Amino acid sequence: MRIEKSVIFIFIWTLLLMVAIPWTIGKVSSNIFFEWPFFFEVAIGGLLAGVMYSLVALGFVLIFKASGVFNFAQGAMVLFSALTLVGLNELGLPMWLAIIATLAVMLLLAVAIERVVLRSLVNQEHIILFMATIGITYFLDGFGQTLWGSEVKILDLGIPNNPGLYFDGKILINDFDLVAALIAGLLVIGLALFFQYTRIGRALRAVADDHQAALSVGIPLKHIWVIVWAVAGIVALVAGIMWGSKLGVQFSLALIALKALPVLILGGFTSVPGAIIGGLIIGAGEKLAEVFVAPLIGGGIEDWFAYMLALAFLVFRPQGLFGEKIIERV
Amino acid sequence: MSFSPFRRRLVLGTGLTILLLLPAMASFAGDPYLITLFSRILIYALAAVSLDLIIGYGGMVSLGHAAFVGIGAYVVGILSFHVQDGSLLLSWPFELQASDAALLVWPAAVLISALMAVLIGSVSLRTSGLQFIMITLAFAQMLFYLAVSLEAYGGDDGISIWSRNRLPLVDLSDDSSFYYICLVCLLVFLYLSHRLVFSRFGRVVRGAKQNELRMQSLGFPTYRYKLVCFSIAGAGGGLAGVLIANQNEFVSPGLLHWTHSGELIVMVLLGGMGTLFGPVFGAAALLLMEELLSAYTEHWMVFLGPFLILVVLFAKRGIYGWLSGAGGNHA
């Protein structure tokens, strides 16, 4: 992949600002505490959260890359998979079996979506496909909650959830965040390799480029779509497990898709590395802003800071950091 | 395309007759709730029609239209808060008294919504397609969090409005006169939109939807045309917000939430994109469905989803297109 000079330029500036702004504020303002170990503690916490954002964003990118569909239902899929997992577990299945069963359900869902919805919409305008995914969203939200109930459920995988000290006891990091980030990171790397180097991965990219052209060179569109939606389902399940055991499995899980949107704007919709870097920048930026900037302006900045950041990037690069240049076809 | 003007007139005529006679029918049936329900339908129809202007004619799919509805509603809410409070709206740089006179508040709210639309549109329209969806959504989310953080105006809990705005000659607190005001607003907006769409301006915007580059090479500054179209839609959304605030006598950040924007898109889609009258049918369908189905299950969306997919698959001109016999292809 060729990286443009301006991307590196923007990236370095972002890093510099992320360090310089908290440092300056710490120097200038007396009521904001700034020390290097503390700064790194906040930054690392943010980066770990960022990996989880990347994971959700990745689900969007995969489907968009492979089918040109903005899958509005990604958040609903996260919720649905987590609900199914917890529900099956409550029915008495051991956790490992429940995970396998949920994977099977997500695969079935992918097949069903391809059969019922996508197949009839081949070569339609993207906006029509987008609308169809809104329908899928409503259905999944309602179906999952009808089936498994809408009260908050607890998901416990037995991952230790206590803060540990690292680097000579100077920096405090939550073990759960570390494990979650590790799993998410492995999944992201695995998927990136899969898309870049395998035959199926190449076929996926061909489909993304042009449905009809891909069909005409003999790429089986329907298989490809099932694969992508199944992979997106798996990504949704992993995200659902991680976020679900952090926040509890409930309706608000569907809203973490909102956390992924600034990541997508920032990183670009068509780029797996973009989703990763975007997630990291958003995660770290958000936490740093919350700790070092928010007290100055009265707090509560974490919710909308990500959007501000993404919009600021947008002014410089409408296609996102790693997105393909927007080319209007004539 | 099998298109019959007679059938179309019949559908529109029936719809209009039902809407005109509704308060009488409601009192005949002894169910005043119907008036409230249909006022809501009219208001959402107004918001959906304004969204259809940009989606159906301009090809700009905005997932942030609820922002303008929210802005309109918040203008009404904040002003009535100050009227109730007896405090000044602004004390610096000049003193400004709040008001609850509809003739003053409503145009102001619509104007502010339109201005915000210019602001948001001028950034968002630098992009198109998917990016545009995302960016309008991002703006709407930011405004949502802004509304949540307005501690002075109730924050998360919103503002209760003590009484509806005052309008000379008409008593808005009476539900059936309020209903007719909503109907008038909707009809006027529909008429204006109809004129707009078939004017030279409308043709340029529709041309830009089909092929922006060609319109540009013909010498039309499409960006400006689209921006104006976007702000007109924003104004329509703002008016809907004004009416919602007056109907519920309550304003909360929930109005700006993205699920709300999603619902508006669904209304446009159900009714028929690019049909102007369609979204009215779409709004009625969605709200009536919610009303009827939520009696059976809390998760009534489970039926809405498949219904929406069916519409996307089989009735691409939506309910209106299907009723008026103009279904089938996208034109």
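Residue numbers (the numbering used here), protein chains in the order written: chain V, 252 to 581; chain P, -17 to 313.
Even for Gly, the Cβ is constructed at its ideal location relative to N, Cα and C.
All values derive from a computational prediction rather than experimental measurement.
Nearest C-alpha to V/Asp407 among V/Val329, V/Trp480, V/Trp494: V/Trp494. If you look at P/Tyr161, you'll find it isn't in any beta strand (DSSP E); it sits in the alpha helix (DSSP H) that goes 157 to 179. Counting C-beta pairs closer than 8 Å gives three or more between the region 19 to 26 of chain P and the region 156 to 170 of chain P, which meets the contact rule.
Not a single C-beta of chain P is nearer than 8 Å to the C-beta of V/Gln325. In this structure, DSSP gives V/Val403 a state outside helix and strand, which the three-state scheme calls coil. Listed by position along chain P, the residues whose Cβ is nearer than 7 Å to that of V/Met382 are Leu251, Val294. P/Gly287 reaches chain V at Ile385, Gly386, Ile387, Thr388, Tyr389, Phe390, Leu391, Asp392, Gly393, Phe394, counting residues in chain order whose Cβ is nearer than 9 Å. Burial state of P/Pro203 is exposed, judged by a 10 Å Cβ sphere holding fewer than 16 other Cβ atoms.
Of all residues in the region 196 to 211 of chain P, none comes within less than 7 Å of chain V when Cβ atoms are compared.
The alpha helix (DSSP H) runs lying completely inside the region 483 to 510 of chain V and spanning 4 residues or more number zero.
Scanning the region 355 to 405 of chain V from its first residue to its last, the whole alpha helix (DSSP H) runs of 4-plus residues come out as 377 to 399. P/Ser142 sits in a strand when the DSSP states are folded into three classes. For the region 21 to 49 of chain P, residues whose beta-carbon sits nearer than 7 Å to a beta-carbon of chain V comprise Val43. Annotation: the continuous alpha helix (DSSP H) that includes V/Asn340 extends over 325 to 341.
Apart from the 5 residues on each side of it in sequence, P/Val224 sits with its Cβ closer than 6 Å to the Cβ of Gly54, Val58, Trp88, Ala91 in its chain, given in chain order. For V/Ile516, the chain P residues whose Cβ falls inside 8 Å of its Cβ are Gln113, Met116, Ile117, Ala120, in order along the chain.
Here P/Phe10 is not bridged, per DSSP, to any residue. Beta-carbon to beta-carbon, V/Ala526 and V/Gly518 are separated by about 5 Å, close enough to satisfy the 8 Å threshold. The continuous stretches of alpha helix (DSSP H) do not include P/Pro75, and DSSP gives it neither H nor E. Below the 7 Å Cβ cutoff, chain P contributes Val294 as neighbours of V/Ile379, in chain order. In the pairwise beta carbon analysis, the region 303 to 313 of chain V is classified as touching the region 530 to 544 of chain V: at least three pairs are separated by under 8 Å. In the structure shown, the three-state DSSP call for V/Tyr417 is strand. Non-local C-beta neighbours of V/Gly529 in its own chain, meaning closer than 6 Å and more than five positions away in sequence, comprise Val514, Leu517, Gly518, ordered along the chain.
The beta carbon of V/Ile261 lies closer than 8 Å to those of Phe564, Phe567, Arg568, Leu572 in the same chain, with the five residues before and after it left out. Listed along chain P, the residues sitting closer than 7 Å to V/Pro513 by beta-carbon distance are Ala120. For P/Ile17, the uninterrupted alpha helix (DSSP H) run begins and ends at 15 to 34, by DSSP. Between V/Ile295 and V/Ile424, the CB-CB gap stays under 8 Å. Of the other Cβ atoms in all chains shown, fewer than 16 fall within 10 Å of the Cβ of V/Val270; this residue is therefore exposed. Taking a Cβ-Cβ cut-off of 7 Å, P/Met271 has no neighbours in chain V, whose nearest Cβ is about 11 Å from it.
Going by beta carbons, P/Met42 and P/Phe114 fall inside the 8 Å limit. V/Lys497 is the residue among V/Trp287, V/Gln463, V/Gly484, V/Lys497 whose C-alpha sits nearest the C-alpha of V/Pro411. Secondary structure of P/Val65 (DSSP, three-state): helix.
For V/Leu423, the uninterrupted beta strand (DSSP E) segment begins and ends at 422 to 425. Taking the Cα of V/Val489 as reference, the smallest distance to any Cα among V/Val279, V/Ser281, V/Leu504 is reached at V/Leu504.
Contact between V/Gly395 and V/Leu339 is absent: CB atoms are separated by about 12 Å, not below the 8 Å threshold.
If one requires a minimum length of 4 residues, the alpha helix (DSSP H) runs lying completely within the region 427 to 476 of chain V are 450 to 460, 462 to 467, in chain order.
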